[in-house]
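Numbering (the numbering used here), first residue to last: 19 to 180. Below: the structure, in structure tokens.
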Amino acid sequence: MADVTSWGESDEYRRERRSRERRRDRYEERSRSRSRERRRRRRDASVERRRRESSPRRQRRDHRAFPDGYIEPRRIFVGGVPKVTTEERFRTHFEQFGRVERVELTAARSFGFVTFVDQDSVERALERRMHPFKHTNNNVAYIEVRRPMPKTSKRHRNDTTD
Numbered sequence: 019m020a021d022v023t024s025w026g027e028s029d030e031y032r033r034e035r036r037s038r039e040r041r042r043d044r045y046e047e048r049s050r051s052r053s054r055e056r057r058r059r060r061r062d063a064s065v066e067r068r069r070r071e072s073s074p075r076r077q078r079r080d081h082r083a084f085p086d087g088y089i090e091p092r093r094i095f096v097g098g099v100p101k102v103t104t105e106e107r108f109r110t111h112f113e114q115f116g117r118v119e120r121v122e123l124t125a126a127r128s129f130g131f132v133t134f135v136d137q138d139s140v141e142r143a144l145e146r147r148m149h150p151f152k153h154t155n156n157n158v159a160y161i162e163v164r165r166p167m168p169k170t171s172k173r174h175r176n177d178t179t180d
């Protein structure tokens, strides 16, 4: 018969209970460390996958748009263009600064690009950042004029993706 302590528990029972507690503690500790390890592996794999997938595409896109960060010096960005603007009216507005070679208007997204024949026309257009723009017979809106930025700069500035 096992020794009985003053509290009524046998030594054997106490040893068995302590052993169960230790096993449970070891199991919980292993379980926590396994979960931690799984989370770390998933996070590392996710970061690595993003790095692998995005890098070549980004390099290809940047090379196509602006090789070596080159910005065409005769081109300007125009923002805040009213949606009802016609390409003809847009071109007419910028011809006051010099001869316009090409106009790209994305009125649905309220912006466009103007390419001038010479650099002096660009400088005249950039003298003021905001231009009053008469887009219909009686309506005047203010449009923003500035140099275009490479796609990489825009991405890092806003920290968004395409």
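For every residue, glycine included, the Cβ atom is placed at its ideal position computed from N, Cα and C. Since the structure is predicted, the reported quantities are computational estimates derived from the model, not experimental observations.
8 Å contact criterion, which Ala-159 and Pro-100 should meet: CB distance rounded: On the sequence shown, residue 159 is found 141 positions in, with the first residue counted as 1. On the sequence shown, residue 100 is found 82 positions in, with the first residue counted as 1. Right, their Cβ atoms sit about 5 Å apart.
Whole-angstrom distance between Val-96 and Asn-155, CA atom to CA atom: On the sequence shown, position 137 is the one that residue 155 refers to. On the sequence shown, position 78 is the one that residue 96 refers to. Using only the alpha carbons, I get a separation of about 21 Å.
Per DSSP, the bridge partner or partners of Phe-131: Start at 1 with the first residue of the sequence shown, and residue 131 comes out as number 113. Looking at the DSSP assignment, Phe-131 forms a beta bridge with Phe-95 and Glu-122.
Candidates Phe-115, Gly-98 and Met-148, of which the one nearest Gly-130 by Cα: Position 112 of the sequence shown holds residue 130. That would be Gly-98, whose Cα lies nearest to the Cα of Gly-130.
Inter-residue Cα distance where the pair is Ser-37 and Ser-51: Walking along the sequence shown from the start, residue 37 turns up at place 19. Walking along the sequence shown from the start, residue 51 turns up at place 33. Approximately 21 Å between the Cα atoms of the pair.
Three-state class that DSSP yields for Arg-146 in the structure shown: Numbered from its first residue, the sequence shown carries residue 146 at position 128. Here Arg-146 sits in coil by DSSP.
Contact check, Val-132 vs Phe-112, beta carbons under 7 Å: Your numbering for residue 132 matches position 114 in the sequence shown. Your numbering for residue 112 matches position 94 in the sequence shown. Contact: yes.
Residues near Glu-66 by beta carbon distance below 6 Å, same chain, minus five either side: Reading the sequence shown from its first residue, position 48 is the one you call residue 66. Taking C-beta separations shorter than 6 Å and ignoring five residues to either side along the sequence, Glu-66 has no partners in its chain.
Rounded straight-line distance, which links the Cα of Val-163 to that of Phe-151: The sequence position of residue 151 within the sequence shown is 133, counting from 1. The sequence position of residue 163 within the sequence shown is 145, counting from 1. Taking the straight line from one Cα to the other gives about 11 Å.
Residue interval of the alpha helix (DSSP H) (run including Arg-107): The count along the sequence shown starts at 1 and reaches residue 107 at position 89. Following the DSSP letters along the chain, one finds Arg-107 inside the alpha helix (DSSP H) bounded by residues 105-112.
Of the residues Ser-64, Gly-116 and Val-121, the one placed nearest Arg-109, counting alpha carbons only: Walking along the sequence shown from the start, residue 109 turns up at place 91. In this structure, Val-121 is the residue among Ser-64, Gly-116 and Val-121 with its C-alpha nearest to the C-alpha of Arg-109.
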